[in-house]
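Below is one structure, written out as structure tokens; comments come after it.
Numbering (full-length UniProt numbering), first residue to last: 1 to 382.
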């Protein structure tokens, strides 16, 4: 074999070895990539998408992120929503609107539920306990939690008119004074204009309102209606002042809780626990739309209530009573006085209207876990 042929064979062997090494290396890289792909697929999760970000120089920057899935997740898992579930009352599960108390183990209770627990324990002649840990609670052992009160006041709450969120401590001012969607009357309502609409449309309506150009004779009918309403309110307040001179007056801050009847179609009603007044036991019961078969199909909703005497009385007694907003609730009610004479056979009043301003207020009360109110009773002396 010549030297040229030997060199050629040696070069061929080296070239073949290099190609074999390259083939082995490529096979190793493919196997490694397949392993990486299999590992990624074994996680059971899709590959993260590249989120499109705006670059400073007009270019596009792509990064890893969840995109729309992250937005949906953050919307359903906001911090304020989680805090709402943590800082809610342990009894009614609502965010408190007034003072917040806690037991010695730190479980939170709103002022209304706290007073209700103490009242129930007093009626059963036993010690009140925390509904979570069953530790004894009393006025001298439970403490207010100011930090939670301030935190709850800053949590967002939705405006009932514009559906925007505002801190709870500013929501009432927004709904009454600032919201552009809040219902308002026409500026000429005092002379008979019946228009009522959103605040942002009031100025446009007043520009075309025909009532400013009406004659004095036409205005008199509206003034007469206003005067009649004023006289009715004056009569109500005069009656209340007369009742305040009675010898025996009592008021109770009550909490209505929802129940269902045992009929085939379970109907909703509300009832308080027993409470004491004039040394007798009483209960307040309310119903929706006068126990309509299916009130969910009705747009117009209202509530009525009755006062029930649970103790036998030796002699008849006459009682005046009315419902007002209590210190632990925010029910909007127009006070109206009712009168009933209780005796051995008549221990329940008729269902009388709970004078709420409109159906929207009724719906708001029904949406809550409980309804807090104050019942004032006047005993007529014989």
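Using N, Cα and C, we set each Cβ at its ideal position, and we do this for glycine too.
Just so it is clear, the structure is predicted and the values come from calculations on it, not from any experiment.
query: Quick one: residues in its chain with C-beta nearer than 7 Å to the C-beta of residue 257, no 5 flanking neighbours on either side, listed in chain order?; result: 270, 271, 370
query: Can you tell which of 264, 252, 262 has the C-alpha that lies nearest to the C-alpha of residue 283?; result: 252
query: Hey, would you say residue 218 sits closer than 8 Å to residue 192, going by beta carbons?; result: yes
query: So is residue 241 buried or exposed if we call it buried at 16+ other beta carbons inside 10 Å?; result: exposed
query: Quick test of your reading: residue 321 and residue 249, contact by CB under 8 Å. State the CB separation rounded to the nearest angstrom.; result: Not a contact, Cβ separation roughly 11 Å.
query: From the DSSP secondary-structure annotation, give me the bridge partner or partners of residue 285.; result: 271, 306
query: Would you report the Cα separation of residue 302 and residue 185, rounded to the nearest angstrom?; result: 23 Å
query: Between the Cα of residue 291 and those of 263, 280, 274, spot the shortest distance and give me the residue it belongs to.; result: 263
query: Per DSSP, what are the beta-bridge partners of residue 115 in this structure?; result: For residue 115, which the question treats as bridged, DSSP gives no partner whatsoever.
query: Quick check: the segment 347-363 against the segment 84-97, are at least 3 beta-carbon pairs closer than 8 Å?; result: no
query: Around the C-beta of residue 334, are 16 or more other C-beta atoms found within 10 angstroms, so that it is buried, or is it exposed?; result: exposed
query: Can you give me the Cβ contacts of residue 289 inside the same chain, cut-off strictly under 7 Å, excluding the 5 residues immediately before and after it?; result: 295, 298, 301, 302
query: Do three or more CB pairs link the segment 229-236 to the segment 360-368 at distances below 8 Å?; result: no
query: Leaving out the 5 sequence neighbours to the left and right, which residues in its chain are closer than 7 Å to residue 174 when beta-carbon positions are compared?; result: 159, 166
query: Buried or exposed: where does residue 287 fall if 16 or more other Cβ atoms within 10 Å of its Cβ makes it buried?; result: buried
query: Distance, Cα to Cα, residue 222 vs residue 213?; result: 14 Å
query: Let me check one thing: in DSSP terms, what residues is residue 136 bridge-paired to?; result: 129
query: Going by DSSP in three states, residue 197 sits in which element: helix, strand or coil?; result: strand
query: For residue 52, which three-state DSSP category applies?; result: Low confidence applies to residue 52: its pLDDT is 43, below 50, so where it sits in the model is not reliable, and the reading given next is rough at best. Strand.
query: For the beta strand (DSSP E) that residue 260 lies in, which residues bound it at each end?; result: 248-260
query: Measure from the alpha carbon of residue 280 to the alpha carbon of each residue in 319, 304, 196, 246, then state which is nearest.; result: 319
query: Which term fits residue 246, buried or exposed, when burial requires 16 or more other beta carbons within 10 angstroms of its beta carbon?; result: exposed
query: From this set, 260, 170, 103, 154, which residue's C-alpha is nearest residue 139's C-alpha?; result: 103
query: Can you tell me where the alpha helix (DSSP H) holding residue 97 begins and where it ends?; result: Segment: none, residue 97 is in no alpha helix (DSSP H) and carries neither H nor E.
query: Alpha carbon to alpha carbon, how far is residue 96 from residue 315?; result: 42 Å
query: Check residue 363 in the structure and name its three-state DSSP category.; result: helix
query: For residue 343, count neighbouring C-beta atoms within 10 Å of its own C-beta (all shown protein chains included) and say buried if the count is 16 or more, exposed if not.; result: exposed
query: Can you find a heavy atom of the ligand NAP that lies under 7 Å from the Cβ of residue 99?; result: Within the structure as shown, the ligand NAP is missing, as the structure has no ligands at all.
query: Under 8 Å Cβ to Cβ from residue 143, same chain only, skipping five residues before and after it: list those, please.; result: 101, 102
query: Please report how far the alpha carbon of residue 208 lies from the alpha carbon of residue 176, in whole angstroms.; result: 25 Å
query: May I ask you to report which of helix, strand or coil DSSP gives residue 86?; result: helix
query: Residue 387 to residue 339, Cα distance in whole Å?; result: The requested residue 387 does not occur in the structure, where the chain is confined to residues 1 to 382.
query: In its own chain, which residues sit with a C-beta less than 8 Å from the C-beta of residue 188, not counting the 5 before and 5 after it?; result: 206, 209, 211, 212
query: Give the straight-line distance between the Cα atoms of residue 355 and residue 336, rounded to the nearest whole angstrom.; result: 7 Å
query: Rounded to the nearest angstrom, what separates residue 98 and residue 261 at their Cα positions?; result: 32 Å
query: Please report how far the alpha carbon of residue 141 lies from the alpha carbon of residue 198, in whole angstroms.; result: 49 Å
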